[in-house]
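Worksheet for the structure shown next.
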Amino acid sequence: MAKEKFERTKLHMNIGTIGHVDHGKTTLTAAITKVLALKKYAEFTAYDQIDKAPEEKARGITINVAHIEYQTDKRHYAHVDCPGHADYIKNMITGAAQMDGAILVVSAND
Numbered sequence: 001m002a003k004e005k006f007e008r009t010k011l012h013m014n015i016g017t018i019g020h021v022d023h024g025k026t027t028l029t030a031a032i033t034k035v036l037a038l039k040k041y042a043e044f045t046a047y048d049q050i051d052k053a054p055e056e057k058a059r060g061i062t063i064n065v066a067h068i069e070y071q072t073d074k075r076h077y078a079h080v081d082c083p084g085h086a087d088y089i090k091n092m093i094t095g096a097a098q099m100d101g102a103i104l105v106v107s108a109n110d
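Using full-length UniProt numbering, you'd call the opening residue of the sequence shown number 1 and step up by one each time.
See below:
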């Protein structure tokens, strides 16, 4: 049996959040899905659903990249939430290599 053919009806963009550890990358990613879920463009993905691994939960940091999808009227987005801790820079580079553009998150306190 043949699989259904996937047709893109919207422009696709790969974006992500990058920045230093504890500056709010995952919090922003969750907030984007929350706002877009209210408009029926996404399924809300809570902070604790983005960082799923037990070590991530125990340490309170992102270790592995996480992929979230959402859309707007004109575009479909594949969002990559990257780790910010220096120990996981290889994972951040892997995630950044998948992006067309990025949101640089910087803490106002810094």
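Don't be surprised by glycine CBs; every beta carbon is placed ideally from N, CA and C.
Only a predicted model underlies this, so the values are computations on that prediction, with no experimental measurement involved.
Can you say whether residue i is buried or exposed, counting buried as having 16 or more other CB atoms within 10 angstroms of its CB?
i, result
"V106", "exposed"
"G101", "exposed"
"A66", "buried"
Can you grab the Cα-Cα spacing for the pair residue i / residue j, in whole Å?
i, j, result
"I103", "T17", "5 angstroms"
"I32", "C82", "15 angstroms"
"R8", "H85", "35 angstroms"
"I61", "K25", "10 angstroms"
"Q98", "I50", "18 angstroms"
"D22", "K10", "33 angstroms"
"K52", "T29", "14 angstroms"
"D87", "D73", "38 angstroms"
"A58", "K39", "33 angstroms"
"G95", "A108", "24 angstroms"
Rounded to the nearest angstrom, how far is the Cβ of residue i from that of residue j, given a contact under 8 angstroms?
i, j, result
"A46", "Y70", "That pair is no contact at about 14 angstroms."
"I68", "H79", "4 angstroms"
Quick one: which unbroken alpha helix (DSSP H) runs of 4-plus residues sit fully inside the UniProt domain "Tr-type G" (10 to 110)? Chain order, please. 25 to 38, 47 to 50, 54 to 59, 89 to 96
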